[in-house]
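Taking it in order: structure first as structure tokens, then the write-up.
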Amino acid sequence: FQKLLLNFTWWVNRKDRTGRNVFEGGFLGLDNIGVFDRSAPLPTGGYLEQADGTAWMTLYCQNMLEIAGELALTDPDYADMALKFVEHFMWIASAMGHLGGDTGMWDDEDGFYYDVLRLPDGRAERLKVRSMVGLLPLCAATTFEGKILAKYPELAERLRWFLDTRPELCAAIHDPRKSGVAGRRLASILDENRLRRVLEKMLDEEEFLSPYGIRSLSRHHAEHPYVIHAGGQEYRVSYLPAESDTGMFGGNSNWRGPIWMPVNALIIRALLQYYSYYGDNFLVECPTGSGRVMNLYQVAEEISRRLASIFLKDQDGRRPVYGGSRKFQDDPHWRDLILFYEYFHGDNGAGLGASHQTGWTGLVARTLHLFATNSPEQVLAVGRASVVPETPVTASPEPVGAAGGLA
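Laid out in structure tokens, this is it:
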């Protein structure tokens, strides 16, 4: 925890250029997802405020709050640390949800989050690329049962004072004072309205929802590439469901359309967090426009099913992961040996990139196990503990904190 605290402090001190709780820089591994190479100086000058980097810091706050909360149950010295991360979360999340006169990451017309380009002359422009960058804010969501607030009433009072004296922090994000199913509290950048709007795009088969999971870039850009001119050059982002068409980051990585397992796993995690808070009353169309209505547990399970179908035999006995490779599709010595590719074709599920990415792509096994050993009723009864394999699945005897807020 102490080493993580040092790392968190480095991010806050070094990657928040203006002190406004929006982040730039750092390397999140999304390689060519942006219109510019985000690891190099911008051709326009200025700097980027990154929606994914800021969302990552918001989730980092939530993770540190979870750890501090657990430690505080046996060591009171960590109670103040828990409050520190609640405050950090509120400042960063509210900056990301900013609606004021300045250009923020949230675009209310599109119902989506974008990176913001801050130019040297003070102008700002949203880079309207519909990509995983705009879905990661959805992933910064965590529910809290309130154990620490029940144990430390004085902490609950300090938290209530912090939130009540800064109502502007709750104006454009989910209000953490509102209780959900079983009295749970939710830390989330997205309020219910924005969550619905982002899910509408994410679950649209003409945008992000592939037969094989969630794409890294919207299919919308197949017909509508994003183009910007800077320094006498044209920069373009088009939907590329297979390999990259640029040499950026070596050219052997592509976040402009393919399906990547680690971010799909983050989306599934977040949907289960939202479900444990909103319950069965929060329903969405899945796919968008289909008329088929699901709760968020069912949406998470549907995404998991689509991810698993990459590796399973279809009605013709062929595995999408092996695409047109006759050796792996037909040879009895090879056809049942499964390779865990780095990423997958956004339209047909074929494996791409490194063929032995058995770390993050192996997450598909975790999602299969998760839904095989869980149920919606269990998630609602037990909360997030139901999706942690090391945690006994029994209802907690501890009371949920009565004070408004998190922890």
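Residues in the sequence shown are numbered from 24 upward in steps of one, following our numbering. Glycine included, C-beta positions come from ideal geometry on N, C-alpha and C. Because the structure is a prediction, the values reported are computed rather than measured.
Residue i in three-state terms, based on DSSP
i, result
"S154", "strand"
"R242", "coil"
"M317", "strand"
"H356", "coil"
"Y249", "strand"
"H379", "strand"
"Q256", "strand"
"D133", "coil"
"L362", "coil"
"D103", "helix"
"D198", "coil"
"S117", "helix"
"W34", "helix"
"E148", "strand"
Same chain, Cβ closer than 6 Å to residue i, neighbours up to 5 away in sequence not counted
i, result
"A253", "P66 and T67"
"L232", "L226 and P310"
"P285", "W383"
"F24", "I90"
8 Å CB neighbourhood of residue i in its chain, flanking five on each side removed
i, result
"L461", "The requested residue 461 is not part of the displayed model; the chain covers only 24 to 430."
"Y175", "A95, P99 and A102"
"L29", "none"
Identity of the residue in the options nearest residue i by Cα
i, options, result
"I291", "S154, Y345, L393 and E230", "L393"
"L330", "T165, G347, R238 and F351", "R238"
"H368", "P343, T381 and E191", "P343"
"E148", "S202, K170 and V58", "V58"
"P64", "I115, F24, L140 and H356", "L140"
"A116", "Y83, G134, T97 and G145", "Y83"
"K151", "I56, A179 and R183", "I56"
"Y136", "V35, S398, P248 and A74", "A74"
"S276", "Q401, R389, G374 and V316", "G374"
"E132", "A245, H243, V156 and V221", "V221"
"S332", "R217, S378, D370 and S202", "D370"
"L159", "D198, P199 and T81", "T81"
"T77", "W34, E110 and D60", "W34"
"H280", "S348, G372, A404 and G347", "Residue identity differs from the one stated: residue 280 is Gly in this sequence, not His. Among S348, G372, A404 and G347, the Cα nearest to that of G280 belongs to G372."
Closer than 6 Å: residue i CB and nearest the ligand GTP heavy atom
i, result
"L360", "With respect to small molecules bound, the structure shown includes none, and the ligand GTP cannot be examined in it."
Residues near residue i by beta carbon distance below 7 Å, same chain, minus five either side
i, result
"N86", "none"
"E257", "V250"
| said: Count Cβ pairs between the region 100–112 and the region 75–90 that sit closer than 8 Å; are there 3 or more? | reply: yes
Requested in this report: Pick out the complete alpha helix (DSSP H) segments inside the region 53–96, 4 residues or longer, and give them in chain order.
Outcome: 74–95
*asked:* Quick check: the region 393–403 against the region 320–339, are at least 3 beta-carbon pairs closer than 8 Å?
replied: yes
Does the structure place the region 192–208 close enough to the region 162–175 that three or more beta carbon pairs sit under 8 Å? yes
Within the region 306–350, note down every full beta strand (DSSP E) run reaching 3 residues or more, in order along the chain. 306–308 and 316–318
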